[in-house]
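> Please see the structure below; I have some questions.
Residue numbers (our numbering), protein chains in the order written: chain R, 112 to 411; chain G, 402 to 775.
Structure (structure tokens):
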């Protein structure tokens, strides 16, 4: 039973990160019908920018519980700006082009970001300072839960609830949903779709940046090419939940994290990735729109 | 008569080809970009530094040495392309690659073209093909496996042993060598698992291993994963020791593992600073002076040693005929003073001179040699 609860915590921790990153994929897809393959690399970039900001701030005599929120805010702002620039340069000119062009452009943008990280920070892994978040662990009946894990779980949950309420209860949220259903009709109703798309990139990128910072603070080592792995997993999570669907991305991320942890724990760590794709294939066969995919269609 | 003409022609062709070019071309096949970029760049830097020094002294056989680098990204596909490219550019010897996978993918091409290759690759399969062109310049996995098993059973006396490897040829072979040798000594291996390199989240497999209650977790992969495995082990409250294979021997391991690094064991051939050789000290100082950093790892130095042995053979034999150089390296070179210690190769191109050590990482990040005990 110990093992079960430990894997539950392991799975939820990584699952929260997947979910945060998956939200970026799903929101962009929802409105633009574009898979933003550069999103994973943006997440990697945020881990690097977060580290730079952190190194600048920790030199001063400011306590860490003030430094860390500032790091999160500055990184989110920087990454949101980069996300918007990315949209302007790589996607907007291609908005009326065949969809494949935009996908290729996204892949290219991802490569530019990845190689840019390597050029600026070098190919060796960068490492987060060990003492940013106090190394506190609680041992409850043989199950270990770290302070950082708790922060990841709680903060992710809060962000997701806020996002859900924002999209479903506010006027701008309604505009986002309207743009997702039909951009042309939304325009005719007086919605500035361009502004909505910029907003989507701001929200998606900043959520991704939180994910990137979690990766850095929890796993310590960050790599210039790590965006690919996290991006791919988050992308799968978004598909599992139903791409374009916000609760779906959250659910997909959590499920994927748990699924990975339990397969690795009870079946074989060797096969954890293979099972991820088996799960993806099964879901695509039986529910091609993802677990929560259809509900969106009904709402339409 | 025709035969005589033919052989005359061949000799002439050989003479022309060896004197025609103004330079002796040496290839570097290494992962300049990609996951192992820092190691690959280290190899390239070190080879270029040594060649620069030789050229400054007037070169070799009155010719300058030219270095041609090809980036294999650590992958088999790019390695095969690099091999073709370097052969076409007329190199006589290739230094590299860093990974066993990339080295193996290029071996056959160099063998067919008669181009010498030295690599730090440690996978045992590398010397099993019987290519006369290939010289393995680090210690084989089998030797490390034997040493590691000895450390487990005779020194630490572990009762329950868990092992983890990644999917690389190198890591799989090393883990197998460790397990085989441990079993020979009567060791009890309770768990063998694999992780995907670069995964970062190793808590699922570690949680599983925890249920086997091992005394030690052995990891045969690279430091980028090893450091995280160690950190996550401690976080999960696993009391077992951590023993890392040679590729965990990297300063970044300690940074990645953080405070959890203390007490971790790493098994490798001696570090340069533990070697009594002046040449090692001088080369490290030169490297620092030129690149303002230390070589990324001991593997850099193994590769330079390969280059040095080949250049030494060319100097002694006064020829760039690769067949003759290979014969010399196989049969006559004995205890050539290398940066990483004396170098001798057996008939298969296996380096037979090397000594392993087990280090324990101290709280200040220093290494302490714990085995063999002096």
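Ideal Cβ placement from N, Cα and C applies to all residues, glycine included.
These numbers were taken from a predicted model, which means no experiment stands behind them.
Is it the case that the stretch 697-704 of chain G contacts the stretch 282-294 of chain R, given that we only count it when at least three CB pairs across the two stretches are under 8 Å?
They do not touch, by the three-pair rule.
> By Cβ distance, which residues of its chain are closer than 6 Å to residue 714 of chain G, with the 5 residues on each side in sequence left out?
Within the second chain, the letter at position 313 stands for residue 714 of chain G. Taken in chain order, the residues that qualify are 726, 729, 730.
> Would you please state the rounded distance, in angstroms, between the beta carbons of residue 679 of chain G and residue 622 of chain G? I believe it to be under 8 Å.
Along the second chain, one-based indexing puts residue 679 of chain G at 278. Along the second chain, one-based indexing puts residue 622 of chain G at 221. That belief does not hold up - the Cβ atoms of residue 679 of chain G and residue 622 of chain G are roughly 34 Å apart, past 8 Å.
> Specify, as a first and last residue, the run of the alpha helix (DSSP H) that residue 358 of chain R falls within.
Position 247 of the first chain, counted from the start, is the residue given in the question as residue 358 of chain R. 357-373 is the extent of the alpha helix (DSSP H) around residue 358 of chain R.
> Should residue 308 of chain R and residue 182 of chain R be called a contact, given that it needs their Cβ atoms to be closer than 8 Å?
Counting from 1 along the first chain, the entry for residue 308 of chain R is found at position 197. Counting from 1 along the first chain, the entry for residue 182 of chain R is found at position 71. The answer is no: Cβ separation not under 8 Å.
> Considering Cα atoms alone, identify which of G:530, G:763, G:471 is closest to residue 659 of chain G.
Start at 1 with the first residue of the second chain, and residue 659 of chain G comes out as number 258. If we check each option's Cα against that of residue 659 of chain G, G:763 comes out closest.
> With distances taken Cα to Cα, identify the nearest neighbour of residue 321 of chain R among R:241, R:189, R:145, R:207.
Within the first chain, numbered from 1, the residue matching residue 321 of chain R stands at position 210. Among R:241, R:189, R:145, R:207, the Cα nearest to that of residue 321 of chain R is on R:189.
> Are any of the Cβ atoms in chain C nearer than 8 Å to that of residue 605 of chain G?
No chain C appears in this structure, whose protein chains are R and G.
> Using a Cβ distance threshold of 8 Å, determine whether the stretch 235-242 of chain R contacts the stretch 251-258 of chain R, with at least three qualifying pairs required.
Flag = no, the stretch 235-242 of chain R and the stretch 251-258 of chain R do not touch.
> Please check the pair residue 391 of chain R and residue 351 of chain R, which I expect to be a contact at CB under 8 Å, by giving their CB distance rounded to whole angstroms.
Locating residue 391 of chain R in the first chain gives position 280, counting from the first residue. Locating residue 351 of chain R in the first chain gives position 240, counting from the first residue. Indeed, because the Cβ distance is near 6 Å, the residues count as touching under 8 Å.
> At 8 Å on the CB atoms, spell out the chain R contacts of residue 657 of chain G, in chain order.
What you label residue 657 of chain G is simply residue 256 of the second chain in a count that begins at 1. In chain order: 236, 238, 331, 332.
> Does DSSP put residue 417 of chain G in a helix, a strand or coil?
By one-based count along the second chain, residue 417 of chain G stands at place 16. Note that residue 417 of chain G scores a pLDDT of 47, beneath 50, so its modelled location is shaky; the value from the coordinates is reported in the next line. Residue 417 of chain G: helix per DSSP, three-state reduction.
> Just curious, the alpha helix (DSSP H) that residue 337 of chain R is in, first and last residue?
Within the first chain, residue 337 of chain R is the residue found at index 226, counting from 1. Counting along the chain, the alpha helix (DSSP H) containing residue 337 of chain R begins and ends at 337-352.
> Could you name the residues of the same chain whose beta carbon sits closer than 7 Å to that of residue 464 of chain G, not counting the 5 residues immediately before and after it, in chain order?
One-based indexing of the second chain puts residue 464 of chain G at position 63. So the qualifying residues of the chain are 423, 424, 425.
> Excluding sequence positions up to five away, which residues of its chain have a Cβ less than 7 Å from the Cβ of residue 468 of chain G?
If you number the second chain from 1, residue 468 of chain G lands on position 67. Correct list, in chain order: 427, 429, 448, 449, 452.
> One question on the structure: do residue 510 of chain G and residue 437 of chain G come within less than 8 Å of each other, judged by their Cβ atoms?
The residue given as residue 510 of chain G occupies position 109 in the second chain. The residue given as residue 437 of chain G occupies position 36 in the second chain. Taking 8 Å as the Cβ cut-off, residue 510 of chain G and residue 437 of chain G do not qualify as a contacting pair.
> Cα-Cα, which of R:198, R:231, R:233 is closest to residue 216 of chain R?
As a position in the first chain, residue 216 of chain R is number 105, starting the count at 1. Looking at the Cα atoms, R:198 is the closest of the given residues.
> Less than 8 Å separating the beta-carbons of residue 376 of chain R and residue 608 of chain G?
Residue numbering aside, residue 376 of chain R sits at position 265 when the first chain is read from its first letter. Residue numbering aside, residue 608 of chain G sits at position 207 when the second chain is read from its first letter. Contact flag set, yes.
> Counting only Cβ pairs nearer than 8 Å, list the residues of chain G close to residue 384 of chain R.
Counted from its first residue, the first chain places residue 384 of chain R at position 273. Chain G residues near residue 384 of chain R: 597.
> Examine chain G for any beta-carbon lying closer than 8 Å to the beta-carbon of residue 433 of chain R, and answer yes or no.
Here chain R covers residues 112 to 411 and nothing more, so residue 433 of chain R does not appear.
> Please compile the residues from chain G whose C-beta is within a distance smaller than 7 Å of the C-beta of residue 175 of chain R.
In the first chain, counting from the first residue as 1, residue 175 of chain R sits at position 64. Under the 7 Å cutoff, chain G gives no residues; its nearest Cβ is about 15 Å from residue 175 of chain R.
> Anything in the stretch 727-745 of chain G with a Cβ closer than 8 Å to a Cβ of chain R? List those residues in chain order, please.
Those would be none; no residue qualifies.
> Among G:583, G:545, G:665, G:473, which one has its Cα closest to the Cα of residue 562 of chain G?
Numbered from 1 along the second chain, position 161 holds the residue referred to as residue 562 of chain G. The residue with the shortest Cα to Cα distance from residue 562 of chain G is G:583.
> Hey, residue 136 of chain R and residue 349 of chain R: beta-carbon distance below 8 Å or not?
For the purposes of this step, residue 136 of chain R is taken as the residue at position 25 of the first chain. For the purposes of this step, residue 349 of chain R is taken as the residue at position 238 of the first chain. Contact flag set, yes.
> From residue 545 of chain G to residue 395 of chain R, what does the alpha carbon distance come to, in whole angstroms?
Residue numbering aside, residue 545 of chain G sits at position 144 when the second chain is read from its first letter. Residue numbering aside, residue 395 of chain R sits at position 284 when the first chain is read from its first letter. Their Cα atoms are separated by approximately 47 Å.
> Could you say which of R:342, R:119, R:205, R:384 lies nearest to residue 225 of chain R if we only look at CA atoms?
Residue 225 of chain R sits at position 114 when you count from the first residue of the first chain. Ranking the options by Cα distance to residue 225 of chain R, first place goes to R:342.
> Mind checking residue 383 of chain R: buried by the 16 CB within 10 Å criterion, or exposed?
In the first chain, residue 383 of chain R corresponds to position 272, counting from 1. With 16 or more other Cβ atoms within 10 Å, it is buried.
> Tell me where the beta strand (DSSP E) around residue 256 of chain R begins and ends.
Counted from its first residue, the first chain places residue 256 of chain R at position 145. Note, residue 256 of chain R: beta strand (DSSP E), 254-257.
> Which residue's Cα is closest to the Cα of residue 260 of chain R: G:637, G:524, G:443, G:527?
Counting from one through the first chain, the residue named residue 260 of chain R turns up at place 149. Of the listed residues, the one whose Cα sits closest to residue 260 of chain R is G:637.
> Quick one, are the C-beta atoms of residue 461 of chain G and residue 716 of chain G less than 8 Å apart?
Position 60 of the second chain, counted from the first residue, corresponds to residue 461 of chain G. Position 315 of the second chain, counted from the first residue, corresponds to residue 716 of chain G. For residue 461 of chain G and residue 716 of chain G, yes; Cβs fall inside 8 Å.
> Please report the straight-line C-alpha distance between residue 585 of chain G and residue 363 of chain R, rounded to a whole angstrom.
Taking the second chain and counting its residues from 1, the one referred to as residue 585 of chain G is at position 184. Taking the first chain and counting its residues from 1, the one referred to as residue 363 of chain R is at position 252. Using only the alpha carbons, I get a separation of about 47 Å.
> Rounded C-beta distance between residue 340 of chain R and residue 594 of chain G? I'm assuming under 8 Å.
Position 229 of the first chain, counting from 1, holds the residue named residue 340 of chain R. Position 193 of the second chain, counting from 1, holds the residue named residue 594 of chain G. Going by Cβ atoms, the distance from residue 340 of chain R to residue 594 of chain G rounds to 19 Å, so no, they are not a contact pair.
> Please return the same chain residues whose Cβ sits closer than 7 Å to the Cβ of residue 548 of chain G, not counting the five positions on each side in sequence.
On the second chain, position 147 is the one that residue 548 of chain G refers to. Cβ neighbours of residue 548 of chain G beyond the five flanking positions: 668, 757.
> Within the 8 Å Cβ cut-off, does residue 439 of chain G reach chain R?
Counting from one through the second chain, the residue named residue 439 of chain G turns up at place 38. Closer than 8 Å: yes.
> According to the Cβ coordinates, are residue 538 of chain G and residue 525 of chain G closer than 8 Å?
The count along the second chain starts at 1 and reaches residue 538 of chain G at position 137. The count along the second chain starts at 1 and reaches residue 525 of chain G at position 124. Taking 8 Å as the Cβ cut-off, residue 538 of chain G and residue 525 of chain G do not qualify as a contacting pair.
> Can you tell me the Cα-Cα spacing of residue 590 of chain G and residue 575 of chain G, whole angstroms?
For the purposes of this step, residue 590 of chain G is identified with residue 189 of the second chain, where counting begins at 1. For the purposes of this step, residue 575 of chain G is identified with residue 174 of the second chain, where counting begins at 1. Their backbone Cα atoms lie some 15 Å apart in a straight line.
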